[in-house]
Amino acid sequence: MIHEIVPVGLLQCNCSVFGDERTREAIVVDPGDEIERIQAILTRHNLKLKAIVITHAHIDHIGGAAKLKAATGAPVWMNASDQELYQHLDMQAAWLGTKTPEKTAIDVGARDGDSLRLGEIDFHILHTPGHTQGSVSIWIPMENKLVAGDTLFRDSIGRTDLPGGDGRQILRSIHDKLMPLPDDAVVVPGHGAETTIGREKELNPFLQF
Ligand SMILES: [Zn+2]
534 MIHEIVPVGL LQCNCSVFGD ERTREAIVVD PGDEIERIQA ILTRHNLKLK
584 AIVITHAHID HIGGAAKLKA ATGAPVWMNA SDQELYQHLD MQAAWLGTKT
634 PEKTAIDVGA RDGDSLRLGE IDFHILHTPG HTQGSVSIWI PMENKLVAGD
684 TLFRDSIGRT DLPGGDGRQI LRSIHDKLMP LPDDAVVVPG HGAETTIGRE
734 KELNPFLQF
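In structure tokens form, the structure reads like this:
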């Protein structure tokens, strides 16, 4: 499977482009900004976008969704519990001191247990609230890979002091949904370097009890 990770925008959100070599279909996760770069990757690999998946409605992860959808026609997946945050994109833009990007309708309400298929590979939606109420992680068992959004980072976890954040809930999500994954599963966080479930279990200071 093709997988390119592009840090985009002011806050360098890790945008993932997944592509299937046989069907030439693609899934993009968290197109926060710099949509031209994302489109260039799709073009370079001759990929047709099948779905846009949003891990949560913070502007750095969702800011470019409307533009990418307009360019490709691909449906946008996002958990419904982040709809209210998305409604306040203008407020989020003001906090960051940036222009409010265009908004789009959410086409599919990415719920816990939902899955998408790319070629032979299944992408499973795990609802992992805490950073925001609608935060999801994407588990790809056949690739042994997790796209964690801002729920889990290398040596850290997502902040919970913003609207919709809940410190106990994010820990519960990590323990119940992410820690049971294989220790050698690769974690692609919403920002910064990759890690593994086992490494975070052992060394992440927020997960030591
Ligand atoms: Zn966030």
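The sequence shown lines up with residues 534 to 742 when you count with our numbering.
Note that beta-carbon positions come from the ideal geometry of N, C-alpha and C, so glycine has one too.
- Straight across, the Cα-Cα distance linking E635 with G597 is about 8 Å.
- In terms of Cα proximity to I538, the closest of R555, V562, L544 and R557 is V562.
- The Cβ-Cβ distance between G642 and T665 does not fall below 8 Å.
- Assignment of I587 by DSSP, reduced to helix, strand and coil, places it in the coil class.
- Taking C-beta atoms as the reference points, S549 and V720 fail to come closer than 8 Å.
- Residues S670, V720 and P722 of the same chain have their beta carbon placed closer than 6 Å to that of A681, with the five preceding and five following residues left out of the count.
- Here the distance from the Cβ of G723 to the nearest heavy atom of ligand 1 is below 7 Å.
- Excluding residues up to 5 positions away in sequence, H724 lie with their Cβ nearer than 7 Å to the Cβ of Q545 in the same chain.
- Taken in chain order, the complete beta strand (DSSP E) segments of 3 residues or longer contained in the stretch 582-661 are 648-651 and 654-660.
- Residue environment: M675 is assigned as exposed (fewer than 16 neighbouring CB atoms within 10 Å of its CB, all protein chains considered).
- With respect to the 8 Å criterion, I595 and G552 are not classified as neighbours on the basis of their beta carbons.
- Contact check for L736 against D688 passes: the beta carbons are separated by less than 8 Å.
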